[in-house]
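Q:
Residue numbers (my numbering): 770 to 1459.
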């Protein structure tokens, strides 16, 4: 067999334009499945009709596992299999249009050609190309009919993640950067490092045509648990030996660090980091994906659709239950069909890469059909009970006597969990509320029916529950009501002013003893440092409402604050002759603001000046000031600038230059930190012209 080495023209530019892959910076051809691409090569001996092409992927390609395709020249494109259609020939070269089926395995392929004439046959390698999912093709499992949604959920490299708490939603920008540098290669390497691939590479690769399969595998690979995956979680409030989760501004740095360290987990992440990295990987591979923030998110560890919280007599939130209610939690939704469940369950599917509970023995979660969650169909694959609880669990608040171990129910609530479920708008930097896509209206008859249906499907409705409140406990109604009102700015650097409002609901006087505490917490509401405590005794006249101002000075909380800037304030009211009343509020403090100005017009390959302005709002000097800047297509990697210390009230202006390398609307992300403020973030849209 004579093997000559043909030279191949992959028409990278033209093909990429047709396949929506122009934003990748690779020299290699990157195309989407179910769609034709053109190649031209020379050196093929003999007539064209005697050409046979072989496309193969994975370690042991075979027709049986659909990782190898052998196809000759045909007159028409097949939708069922790979095909080649002759475009044109000249004396020494051939142009061929090659199509893959819309359910082809994705990944890196080798392409070779065999030519046979009457007396000889020769085979030659044409090179490699990468095949991705195709949301623009109606035959693909990930097909999305709206072009604007394809743009946002596959091609957009900038995102906004919502955080804070349900009373005070904040947001920050994130650079997904799925088309930058070698991110695609890192994503493909991630698939080859998964447990499924290590256990059975041939079967694993043969399943890579299925977005359900890849979504589940990648939800496990993005966290470090079980498989030396990408990001190591840390919720302690102490991030020594790594970077604080809130200091990241994009996925690129995380994925690059993982690769550079020889695939050792990157320290540290929390939920939005896992979700953002998974968004990058899935968008890169062509699966439409977005991040979702759920406020007052339940982590139901024991699967009873109920979350228990315990407080001691002084009102301290005790860290003794595996269950918890997070101020917010971020997960993903990816868009694909559910042939395993039926068409009504297709569409948005929930994936969660944050390692919370094991599923089939490893830390992975999803895909759970969003429709199944809304309808209470919790028996359907995958992990629906856990996701259902995140947005629907009931809460029980208990008083726990640490000396006797006795538990007393303070009160229960069925409407606190799963609020203001949020995602970024398509084509705009705004928040969209998707709560109604997850559940029927809170407190409505339908919502309670669905909750009962889910409990029944999980076999919970007739089980005796030893921790459930007794009828007597439920019947007792509180004599007083209470709430914390905010009285002043919620800003790091300012004193925290609150008002405790207590009202006597009865027509006789009540004497009340109140124990109050304030703790700094991480966003999961895990208490980290005690900040303040106080107690008062009062008598409330019949039907009287009284206000008690509370002041927690900045000097008292400054040292104790975590990088999440969150404080939990609790008042446990012991009412003489009545049941206890728990009043609590989670406070999210805002960082001071920082401002970006682009000085002049941004043009491709031209320098443009940018100025970042920060004013020190507190009456002491701030030191160790660092500015971090990143933005896809505006600069490569991350720019880090040390800023001199700032005296009380002083302004700082930091200037730097950018040379944008792609036209379009791009986002510049800035993160400023100093000894008194962690991770002050902002972003600016920059319109780059040719």
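C-beta: ideal position from N, C-alpha, C; glycine also. If you're wondering where the values come from, they're calculated on a predicted model, not measured in any experiment.
1. In chain order, what residues of the same chain lie with their CB nearer than 8 Å to the CB of residue 770, ignoring the 5 residues before and after it?
2. Is it buried or exposed for residue 1305, if we count other Cβ within 10 angstroms and need 16 for buried?
3. Can you name the residues that DSSP bridges to residue 1190?
4. So what does DSSP say about residue 783, is it helix, strand or coil?
5. Taking 8 Å as the threshold (C-beta atoms), are residue 1185 and residue 1164 in contact?
6. So for residue 973, helix, strand or coil by DSSP?
7. Rounded to whole angstroms, what is the Cα-Cα separation between residue 1179 and residue 1286?
8. At a threshold of 7 Å, does residue 940 count as lining the ligand SAH (C-beta to nearest heavy atom)?
9. Identify the residues that DSSP records as bridge partners of residue 1296: which are they?
10. Do the stretch 1286-1295 and the stretch 992-1007 make contact, defined as three or more Cβ pairs closer than 8 Å?
11. Can you look up residue 1338 in the DSSP assignment and give me helix, strand or coil?
12. What is the residue span of the beta strand (DSSP E) that residue 1143 lies within?
13. Near residue 1328, what residues of its chain come up, given a Cβ to Cβ distance below 7 Å and the 5 sequence neighbours on each side ignored?
14. Do you know offhand how far residue 862's Cα is from residue 995's?
15. Given this structure, state the Cα-to-Cα distance separating residue 1135 from residue 1381, to the nearest angstrom.
16. Below 8 Å, can you find three or more Cβ-Cβ pairs linking the stretch 1161-1176 to the stretch 1063-1078?
17. If you draw a straight line from the C-alpha of residue 1008 to the C-alpha of residue 1036, how long is it?
18. Evaluate contact between the stretch 911-926 and the stretch 826-839, counting only Cβ atoms and requiring at least three cross-stretch pairs below 8 Å.
19. Hey, which unbroken runs of the beta strand (DSSP E) at 3 residues or more fall wholly within the stretch 1301-1389?
20. Just to confirm my understanding: we take residue 1195, look at its own chain, exclude 5 residues before and 5 after, and list those with CB closer than 7 Å. What are they?
21. Among all the DSSP beta bridges, which residues are the ones paired with residue 1079?
22. Please check the pair residue 1101 and residue 1058, which I expect to be a contact at CB under 8 Å, by giving their CB distance rounded to whole angstroms.
23. Taking one C-beta from the stretch 1376-1396 and one from the stretch 1416-1430 each time, how about it: are there three or more such pairs within less than 8 Å?
24. Mapping DSSP to helix, strand and coil, what is residue 1227?
25. Please classify residue 777: is it buried, with 16 or more other beta-carbons within 10 angstroms of its beta-carbon, or exposed?
26. For residue 1017, I'd like the list of residues in its chain whose CB is within less than 7 Å of its CB, leaving aside the five on either flank, ordered along the chain.
27. Pick helix, strand or coil for residue 770, following the three-state DSSP scheme.
28. Excluding the 5 residues preceding and the 5 following residue 1322 in the sequence, name in chain order all residues of the same chain whose CB lies nearer than 7 Å to its CB.
29. I need the boundaries of the alpha helix (DSSP H) containing residue 1161, first residue and last residue.
30. Would you call the CB atoms of residue 875 and residue 902 closer than 8 Å?
31. Of the residues 786, 1259, 1280, 1227, which one's Cα is nearest the Cα of residue 1157?
32. Cutting at 7 Å between CB atoms, please list the residues of its own chain near residue 988, excluding the five before and the five after it.
33. Roughly how many angstroms lie between the CA atoms of residue 834 and residue 858, to the nearest whole one?
34. Run the CB neighbour count on residue 1454, radius 10 Å, all protein chains shown included, and call it buried at 16 or more, exposed below.
35. Over what stretch of residues does the beta strand (DSSP E) that includes residue 1119 continue unbroken?
36. DSSP has residue 1394 in a bridge; who is on the other side?
A: Taking the definition as stated:
1. Residue 770 sits at position 1 when you count from the first residue of the chain shown. Bear in mind that a pLDDT of 42 at residue 770, under 50, signals an unreliable position, so the number given afterwards is only what the model happens to contain. Cβ within range, chain order: 889, 890, 891, 892.
2. One-based indexing of the chain shown puts residue 1305 at position 536. That one is exposed.
3. Indexing the chain shown from 1 puts residue 1190 at position 421. None, per the DSSP bridge assignment.
4. By 1-based counting over the chain shown, the position of residue 783 is 14. It is helical.
5. The residue given as residue 1164 occupies position 395 in the chain shown. The residue given as residue 1185 occupies position 416 in the chain shown. Going by C-beta atoms, residue 1164 is nearer than 8 Å to residue 1185.
6. The residue you call residue 973 lines up with position 204 of the chain shown. In this structure, residue 973 counts as helix in the three-state DSSP scheme.
7. Along the chain shown, read from residue 1 onward, the residue named residue 1179 stands at position 410. Along the chain shown, read from residue 1 onward, the residue named residue 1286 stands at position 517. Whole-angstrom Cα-Cα distance: 17 Å.
8. No copy of the ligand SAH appears in this structure; indeed no ligand is present at all.
9. Counted from its first residue, the chain shown places residue 1296 at position 527. Answer is 1290, bridged to residue 1296.
10. yes
11. As a position in the chain shown, residue 1338 is number 569, starting the count at 1. In the structure shown, residue 1338 sits in a strand (DSSP, three-state: E or B).
12. The sequence position of residue 1143 within the chain shown is 374, counting from 1. Unbroken run through residue 1143 is the alpha helix (DSSP H), 1139-1144; no beta strand (DSSP E).
13. For the purposes of this step, residue 1328 is taken as residue 559 along the chain shown, with counting starting at 1. Cβ within range, chain order: n/a, list empty.
14. If you number the chain shown from 1, residue 862 lands on position 93. If you number the chain shown from 1, residue 995 lands on position 226. Their backbone Cα atoms lie some 51 Å apart in a straight line.
15. As a working mapping, residue 1135 is identified with position 366 in the chain shown. As a working mapping, residue 1381 is identified with position 612 in the chain shown. Cα to Cα, the separation comes out at about 41 Å.
16. yes
17. Here residue 1008 is taken as the residue at index 239 of the chain shown, counted from 1. Here residue 1036 is taken as the residue at index 267 of the chain shown, counted from 1. Roughly 8 Å separates the two Cα atoms.
18. no
19. 1314-1321, 1335-1344, 1350-1357, 1363-1368, 1377-1384
20. Your numbering for residue 1195 matches position 426 in the chain shown. Excluding sequence neighbours, residue 1195 sits near 917, 918, 921.
21. As a working note, residue 1079 is residue 310 in the chain shown. DSSP lists 1087, 1167 as partners of residue 1079.
22. Within the chain shown, residue 1101 is the residue found at index 332, counting from 1. Within the chain shown, residue 1058 is the residue found at index 289, counting from 1. That pair is a contact at about 6 Å.
23. yes
24. Translated into the one-based positions of the chain shown, residue 1227 becomes position 458. In this structure, residue 1227 counts as coil in the three-state DSSP scheme.
25. Within the chain shown, numbered from 1, the residue matching residue 777 stands at position 8. When all chains shown are included, residue 777 counts as buried.
26. Your numbering for residue 1017 matches position 248 in the chain shown. Hits under 7 Å: 1023, 1042.
27. Position 1 of the chain shown holds residue 770. With a pLDDT of 42 at residue 770, under the threshold of 50, the predicted position of this residue should be treated as unreliable, and no value is reported.
28. Here residue 1322 refers to the residue found at position 553 of the chain shown. These residues qualify, in order along the chain: 1264.
29. Mapped onto the chain shown, residue 1161 falls at position 392. 1153-1161 is the extent of the alpha helix (DSSP H) around residue 1161.
30. Taking the chain shown and counting its residues from 1, the one referred to as residue 875 is at position 106. Taking the chain shown and counting its residues from 1, the one referred to as residue 902 is at position 133. In contact: residue 875 and residue 902 (Cβ atoms closer than 8 Å).
31. Counting from one through the chain shown, the residue named residue 1157 turns up at place 388. When only C-alpha atoms are compared, the closest one is 1227.
32. Numbered from its first residue, the chain shown carries residue 988 at position 219. 1047, 1120, 1121, 1122, 1133, 1134, 1135, listed in sequence order.
33. By 1-based counting over the chain shown, the position of residue 834 is 65. By 1-based counting over the chain shown, the position of residue 858 is 89. Distance between the alpha carbons of residue 834 and residue 858 is about 33 Å.
34. Numbered from its first residue, the chain shown carries residue 1454 at position 685. With fewer than 16 other Cβ atoms within 10 Å, it is exposed.
35. Translated into positions along the chain shown, residue 1119 becomes position 350. Note, residue 1119: beta strand (DSSP E), 1116-1120.
36. Walking along the chain shown from the start, residue 1394 turns up at place 625. In the DSSP output, where bridge partners are listed per residue, residue 1394 has 1412.
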